[in-house]
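For reference, the structure is listed below as structure tokens.
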Amino acid sequence: MKTKALLIALAMMAGLNCSMKAQTDDEDEITVTDNDGNEEVIEFPEAMSYNLDSLMNLYLSRTYLGDDECNMTDVNPTFDKEVYIDRLSRIPSVMELSYNDVVQKFIDRYSGRLRRSISYMLAASNFYMPIFEEALETYGLPLELKYLPVIESALNPKAVSRVGATGLWQFMLATGKMYGLQVNSLVDERRDPVKSSYAAAHFLSDLYKIFGDWNLVIAAYNCGPENINKAIRRSGGERDYWRIYPYLPKETRGYVPAFIAANYIMTYYCDHNICPMTSRLPAKTDTVMVNRNIHLQQVASVCGIDIEQLRTLNPSYRKDIVPGSSELSCLRLPITEMGKFIDLQDSVYNYRADLYLNKRTEVSVNDDTPTYQSSKRSSKRSKSSKSRRGSKTVTVRKGMTLSHIAAQNGTTVKKLQQLNGIKGTNIRAGRKIRVR
Numbered sequence: 027m028k029t030k031a032l033l034i035a036l037a038m039m040a041g042l043n044c045s046m047k048a049q050t051d052d053e054d055e056i057t058v059t060d061n062d063g064n065e066e067v068i069e070f071p072e073a074m075s076y077n078l079d080s081l082m083n084l085y086l087s088r089t090y091l092g093d094d095e096c097n098m099t100d101v102n103p104t105f106d107k108e109v110y111i112d113r114l115s116r117i118p119s120v121m122e123l124s125y126n127d128v129v130q131k132f133i134d135r136y137s138g139r140l141r142r143s144i145s146y147m148l149a150a151s152n153f154y155m156p157i158f159e160e161a162l163e164t165y166g167l168p169l170e171l172k173y174l175p176v177i178e179s180a181l182n183p184k185a186v187s188r189v190g191a192t193g194l195w196q197f198m199l200a201t202g203k204m205y206g207l208q209v210n211s212l213v214d215e216r217r218d219p220v221k222s223s224y225a226a227a228h229f230l231s232d233l234y235k236i237f238g239d240w241n242l243v244i245a246a247y248n249c250g251p252e253n254i255n256k257a258i259r260r261s262g263g264e265r266d267y268w269r270i271y272p273y274l275p276k277e278t279r280g281y282v283p284a285f286i287a288a289n290y291i292m293t294y295y296c297d298h299n300i301c302p303m304t305s306r307l308p309a310k311t312d313t314v315m316v317n318r319n320i321h322l323q324q325v326a327s328v329c330g331i332d333i334e335q336l337r338t339l340n341p342s343y344r345k346d347i348v349p350g351s352s353e354l355s356c357l358r359l360p361i362t363e364m365g366k367f368i369d370l371q372d373s374v375y376n377y378r379a380d381l382y383l384n385k386r387t388e389v390s391v392n393d394d395t396p397t398y399q400s401s402k403r404s405s406k407r408s409k410s411s412k413s414r415r416g417s418k419t420v421t422v423r424k425g426m427t428l429s430h431i432a433a434q435n436g437t438t439v440k441k442l443q444q445l446n447g448i449k450g451t452n453i454r455a456g457r458k459i460r461v462r
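In this note's numbering, the protein residues as written are 27 to 462.
The structure is reproduced here in structure tokens:
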């Protein structure tokens, strides 16, 4: 991607931090009937149940997207089976975009219940598709794969699935790290549209080297290559997606049909009276490398930038902290604010640093505070000292008995025995006896 186009695209790294709400359970799956009349339930990919209202509340939507101005009627027409087959065959693709009843179910879902979501994604695709295409082109992959994030995340860079898959391309933690995406307490590059797109292209390229079939690649992207290999073995060695279909996990059975349907609806949306929302290009952006920790709120407060815009431009920073002290880190800003940041850089770093960057680098230990054990020992010594201070000794003279000593000192023979460890009543002259 050329620098100018990259900067424009990067500006739309939306900070979509919402929690997606699924629709009711009976809307998250479809039932299809095979040639023998047997019914089968197929799960929709999770992103197909996201709530559009949540997406429309986000910074990306509020700032750069608006309602469509189409004059089309909001009616979804139906067509003969042959029309869908013909349209799919005319999509310029090296991938097999075949038709069947399962694919039709997903087309109906996108063109019907999800038509407003498609309107949203058509507008958002103006910002994300150039990034996807550049990454796919770099690895020599079919550009039709750019629609994978439509079914993976509904074009939400901060989407998190039920099992923890994150970002536009829904990387699991281990896979993301395997493909070079940094993930720690402060940074999650699975949310970065550019870095995650190149990681996804690399992953898809590796999967194609294993399976050599794009339908199997797409299925493996969803459930992992090990599950595809299991399905191949259980099917007796078949390597056609539609032949191993019964042996796949339930959601994966709907994944390839959903991908085909996404290609269809993103191409033929006008034929279904779906109008894209209007979209405006954001301001250009630029980056600065920082070598000290900096909080986005420090930048926002000193430079007068909307904090939500900063989060949108820097979606991989999980806690709003750019960890420049760990390694040189990229901070993306509107190009109009770059000069201000450079001029006020020291003020930015120092602004309420004790509040926003409050981790101590060195601490002193209060040696005056006794530990539990030392307190215990001290207490024992104190008690022993008090015990000694509260007692006296008597030197036994010839003819003295314990009874005599007890009577003289207001105590008992038994207490004298316990205090001095004496067994019996015999004591020798010259011994010192402690008394209280």
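Idealized CB from N, CA, C, for every residue including glycine.
query, result
"Quick check: what's the CA-CA separation for Q130 versus L199?", "33 Å"
"Where do the ends of the alpha helix (DSSP H) carrying K203 lie?", "L199 to M204"
"Find out if the Cβ-Cβ distance for the pair D346, Q323 is shorter than 8 Å.", "yes"
"Can you list, in chain order, the residues of its chain whose CB lies under 6 Å from that of Y273, leaving out five sequence neighbours each side?", "A257, R260 and S261"
"What residue ranges within the stretch 121-188 form continuous alpha helix (DSSP H) runs of no fewer than 4 residues, ordered along the chain?", "127-137, 141-164 and 174-179"
"Tell me the DSSP secondary structure of P349 in three-state form.", "strand"
"Please tell me whether K221 has its Cβ less than 8 Å away from any Cβ of chain B.", "Within the model displayed, chain B is absent; a lone protein chain is all it includes."
"Cβ of L233 within 8 Å of Cβ of Y267?", "no"
"Quick test of the definition: if touching needs 3 or more C-beta pairs under 8 Å, does the stretch 380-388 touch the stretch 426-443?", "no"
"How many Å lie between E264 and A284 at the Cα?", "22 Å"
"Do three or more CB pairs link the stretch 189-203 to the stretch 90-101 at distances below 8 Å?", "no"
"Take V220 as the anchor and find which of N126, M303, E95 and L162 has the nearest alpha-carbon.", "L162"
"For a minimum of 4 consecutive residues, which ranges assigned as the alpha helix (DSSP H) are wholly contained in the stretch 226-257?", "240-249"
"Tell me, which residues are paired with D312 by DSSP?", "L359"
"Look up Y294 in the DSSP assignment and say whether it is helix, strand or coil.", "coil"
"What does the alpha-carbon distance come out to for the pair I291 and A180?", "14 Å"
"Quick one: what's got a C-beta closer than 8 Å to L148's C-beta in the same chain, skipping five residues either side?", "M292, Y295, I300, P302 and M303"
"Alpha carbon to alpha carbon, how far is N126 from I331? Give it in angstroms, no decimals.", "51 Å"
"Apart from the five residues just before and just after L123, which ones in its own chain have a Cβ nearer than 7 Å to its Cβ?", "L114, I117, I286 and N289"
"Would you check if the distance between the CB atom of V420 and the CB atom of I459 is smaller than 8 Å?", "yes"
"Quick one, are the C-beta atoms of S351 and R318 less than 8 Å apart?", "yes"
"Going along the chain, which residues of its own chain have a beta-carbon closer than 8 Å to the beta-carbon of V209, five neighbours each way excluded?", "L199, G202, K203, E215 and R216"
"Tell me whether D393 is buried or exposed, calling it buried when 16 or more other Cβ atoms sit within 10 Å of its Cβ.", "exposed"
"Looking only at its chain, what residues have a beta carbon closer than 7 Å to the beta carbon of V328, apart from the 5 residues adjacent to it on each side?", "L370, S373, V374 and Y377"
"Note down the Cα distance separating Y76 from N255, rounded to an integer number of angstroms.", "30 Å"
"Between E72 and E388, what straight-line distance do the alpha-carbon atoms span, to the nearest angstrom?", "46 Å"
"Exposed or buried, which one is V109 when buried takes at least 16 other CB atoms within 10 Å?", "exposed"
"Thinking C-beta only, is M364 closer than 8 Å to D297?", "no"
"For D218, is the classification buried or exposed, using 16 other Cβ atoms within 10 angstroms of its Cβ as the cut-off for buried?", "buried"
"Would the beta-carbon of N102 fall within 8 Å of that of R142?", "no"
"Among R358, P308, N435 and F105, which one has its Cα closest to the Cα of A150?", "P308"
"Using 8 Å as the threshold, is the C-beta distance between R344 and L212 below it?", "yes"
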